Amino acid sequence: MSSCIDTSELKQIIMQIVASIPQGKVASYGQVAKLCGYSGYGRYVGSILKRLPSSTTLPWHRVINARGVISFPIGSEAHIKQLSLLFKEGVDSENGKISMRIYGWSI
DNA sequence: CCTGTGACCGGTA
DNA sequence: ATACCGGCCACAG
20 MSSCIDTSEL
30 KQIIMQIVAS
40 IPQGKVASYG
50 QVAKLCGYSG
60 YGRYVGSILK
70 RLPSSTTLPW
80 HRVINARGVI
90 SFPIGSEAHI
100 KQLSLLFKEG
110 VDSENGKISM
120 RIYGWSI
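Mapping the first sequence onto our numbering, position 86 (from 1) lands on 105, and the numbers just tick up by one.
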């Protein structure tokens with residue numbers, strides 16, 4: 020079956036939610052999807068962020084997975100880049116586990 | 001149209 | 001605590 024939703028609209032909502040994540044805090048892919056009103060679309064959130072141009076101003080680095088870690092292989096360029104961006108914002112992490120979550124944060 | 005692929009997630013062993 | 005599994009769903013080939 021083809022998509023049963025308006026993907027272009029969902030894409031914009033996702034970008035809006037990600038853009039509104041406060042500096043120094045993070046959200047999971049599933050959390051972003053749920054905040055959009057589309058629970059279960061975590062994978063889609065990832066696919067959207069993947070296509071972002073390198074020149075984007077969207078804080079994509081504030082989105083991690085539900086296990087509290089960066090969803091890139093440790094040591095990969097993307098992982099190093101995301102970690103440094105988060106570290107620069109003062110995100111607290113121990114052994115790669117991000118502790119400053121976004122739970123309780125409202126739109 | 002059918003199949004494989006993810007920057008995912010929650011439950012189970 | 002870690003490892004695996006099945007479900008998830010748009011998208012590319």
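For each residue, glycine too, the CB sits at the ideal point set by N, CA and C.
If you're wondering where the values come from, they're calculated on a predicted model, not measured in any experiment.
8 Å contact criterion, which residue i and residue j should meet: CB distance rounded
i, j, result
"I117", "I40", "The pair is not a contact, with the Cβ atoms about 12 Å apart (cut-off 8 Å)."
"V82", "V110", "Contact doesn't hold; Cβ gap of about 12 Å is too wide."
"A52", "G59", "7 Å"
"A38", "L77", "6 Å"
"S47", "N84", "6 Å"
"G65", "G49", "About 10 Å; that fails the 8 Å criterion."
Other residues of its chain near residue i: CB distance less than 7 Å, five sequence neighbours each side excluded
i, result
"H98", "I89, F91 and P92"
"Q101", "H80, I89 and F91"
"Y57", "L29"
Spatial neighbours of residue i in its chain, beta-carbon cut-off 6 Å, leaving aside the 5 residues before and after
i, result
"I36", "V51, L54 and C55"
"Y63", "none"
Cross-strand partners of residue i (DSSP beta bridge)
i, result
"A46", "V82"
Outcome for residue i when other beta-carbon atoms lying within 10 angstroms are tallied against a minimum of 16
i, result
"Q31", "exposed"
Same chain, Cβ closer than 8 Å to residue i, five either side skipped, listed in chain order
i, result
"I67", "K30, I33 and M34"
Those runs of the alpha helix (DSSP H) which lie wholly inside the region 75-118 and span at least 4 residues
96-107
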